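Visitor: Provided herewith is a single structure, encoded as structure tokens, for subsequent inquiry.
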Amino acid sequence: MTTGIKRIAISTGGGDAPGLNAVIYATTLAARNRGWDVVGIRDGFNGLLRSDDYADGGMIDLTRHRVRGIIHQGGTILGSTNRGNPIAYPVRQADGSWAEVDRTEELLERFAERGIDALVTVGGDGSLTIGDHLHRAGLRLIGVPKTIDNDLDRTASTFGFDSAVGFASECIDRLFSTATSHSRIIVVEVMGRYAGWIALHAGMASGVHAILIPEIPYRLEPVAELITQRAQRGSTYSIVCVAEGAVPVGGGRTVAAKAVGQAERLGGIGSKVAAELEALTGRESRAVVLGHLLRGGSPTSLDRLLGLRFGAAAVRALDEGHSGVMVALNPPTVDYVPLAEAISRQKTVPPDCDSIQTARDMGIRFGDESVAAG
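Here the sequence shown is numbered in full-length UniProt numbering, starting from 1 and rising by one per residue.
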């Protein structure tokens, strides 16, 4: 099959995740081994839509030399942004106000002007939704799933998740010693807006005493009961792991900030839970927010390998004539699934899944248990 491809571009959008550079590395080498030129677009699509802001014109020539040694590096050498949606691009008006403008056609023209025949776009549900839109507008495009939250549907896992869970577990392990020393309750807040995969896996791996996730609305009375029972048995400390998007029964997510045109910025659930547990138990409580620490640092070997597999698979997909698909892990292989299907729903934690049952068998509480009358 003759694809007609001579030059491809790579873009990374949304929040950063360990393993992004592994995708860039494998995509670059796999494409160049086919005789294709490869360029990287800076900061999502801003490198094309605001090219005058960059000394290099908003694009990087991705040679073998340029990507040498980047596999182990965290972040993305291309840069990323959450504010470069070409469908609703923020543009300042003459009166100083801001308006959202559809710059899709302009972006497609920039691709054509730069001689770019196809795009590999790496991102989460937002970036892949944009990718599906660009594909439908006529751009040859392959999506690569990226999120530390592991909440993208149609793929068994996403790179960055293993690194996030590993680091969160290490932090919780360290907090056990200080919780024990001071006989405290420590509430550890981790990322997870709509899905509690990080909280569940990190909490289980570290042997915490309670886990609060978005999929299971909680009451703190069952957690407080467990903490009190532990204290009566001589265990005067407890650790609770909570996802930022966890919600109390009948309540909503805890919002730290909200700006016009942007998604709500979650935050504060850890402090809220710590204060309420202290009031319920009479025991000193502290909150620790891991936040963006989970995105940083060098990727684990597993995330490096998954990023490499995804990058190479994206190039194979283009070489085979595909467009509008996302590469997806379907062990033991990497398959292609339509972007429209991949973004149609999020992958959340099933409340009756084996991991939840395992945690319950270990005595971990989720805030939905019955409380003894008294």
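The beta-carbon is built from N, C-alpha and C at its ideal position, and this holds for glycine as well.
All figures in this text were calculated on a predicted structure; none of them were measured in a lab.
#1: Does residue 276 come out as helix, strand or coil in the three-state DSSP assignment?
#2: For residue 219, which residues from the same chain have a beta carbon less than 6 Å from its beta carbon, with the 5 sequence-adjacent residues on both sides left out?
#3: Do you know how far the Cα of residue 226 is from the Cα of residue 12?
#4: Does DSSP put residue 165 in a helix, a strand or coil?
#5: Between residue 212 and residue 60, what straight-line distance do the alpha-carbon atoms span, to the nearest angstrom?
#6: Quick one: what does DSSP say residue 151 is sitting in, helix, strand or coil?
#7: Whose CA, out of 20, 35, 91 and 15, lies closest to the CA of residue 49?
#8: In chain order, what residues of the same chain lie with their CB nearer than 6 Å to the CB of residue 416, ignoring the 5 residues before and after it?
#9: Pull up the CB-CB distance for residue 40 and residue 82, whole angstroms please, since I reckon it's below 8 Å.
#10: Ignore the nearest five residues each way along the sequence and tell me which others in residue 272's own chain have a CB closer than 7 Å to its CB.
#11: Do residue 20 and residue 146 count as a contact pair if the criterion is CB distance below 8 Å?
#12: Within this structure, are the beta carbons of residue 175 and residue 116 separated by less than 8 Å?
#13: Quick one: what does DSSP say residue 137 is sitting in, helix, strand or coil?
#14: Mind checking who residue 346 pairs with in its DSSP beta bridge?
#15: Would you kindly work out how many angstroms separate the C-alpha atoms of residue 333 and residue 113, rounded to a whole number?
#16: Out of 108, 299 and 269, which has the shortest C-alpha to C-alpha gap to residue 158?
#17: Helix, strand or coil: which one does DSSP assign to residue 217?
#18: Go ahead and label residue 52 buried or exposed: buried means 16 or more other beta carbons lie within 10 angstroms of its beta carbon, across all protein chains shown.
#19: List the whole-angstrom C-beta distance separating residue 279 from residue 189, where the pair is believed to meet the contact cut-off of C-beta under 8 Å.
#20: At the level of alpha carbons, what is the spacing between residue 215 and residue 153?
#21: If residue 42 sits next to residue 79, beta carbons under 8 Å apart, how far is it from one beta carbon to the other, in whole angstroms?
#22: Measure the alpha-carbon distance for residue 168 versus residue 290 and round it to whole angstroms.
#23: Which residue marks the beginning of the beta strand (DSSP E) containing residue 211, and which one marks its end?
#24: DSSP on residue 362, reduced to helix/strand/coil?
#25: According to the neighbour-count rule (16 or more other Cβ atoms, all chains shown, within 10 Å of its Cβ), is residue 285 buried or exposed?
Guide: Judging by the given coordinates:
#1: Here residue 276 sits in helix by DSSP.
#2: 249 and 367
#3: 44 Å
#4: helix
#5: 43 Å
#6: coil
#7: From the listed residues 20, 35, 91 and 15, the smallest Cα separation to residue 49 is found for 91.
#8: The structure shown has nothing for residue 416, since the chain only spans 1 to 374.
#9: No, residue 40 and residue 82 are not in contact; Cβ-Cβ is about 18 Å, not under 8 Å.
#10: 254
#11: yes
#12: No, Cβ-Cβ distance for residue 175 and residue 116 is not below 8 Å.
#13: coil
#14: In DSSP, residue 346 forms a bridge with 152.
#15: Taking the straight line joining both Cα atoms gives about 36 Å.
#16: 299
#17: coil
#18: Residue 52 is exposed by the Cβ-count criterion.
#19: No, residue 279 and residue 189 are not in contact; Cβ-Cβ is about 18 Å, not under 8 Å.
#20: Between the alpha carbons of residue 215 and residue 153 lies a gap of roughly 16 Å.
#21: 5 Å between Cβ atoms; contact.
#22: Between residue 168 and residue 290, the C-alpha separation is close to 7 Å.
#23: 210-212
#24: coil
#25: buried
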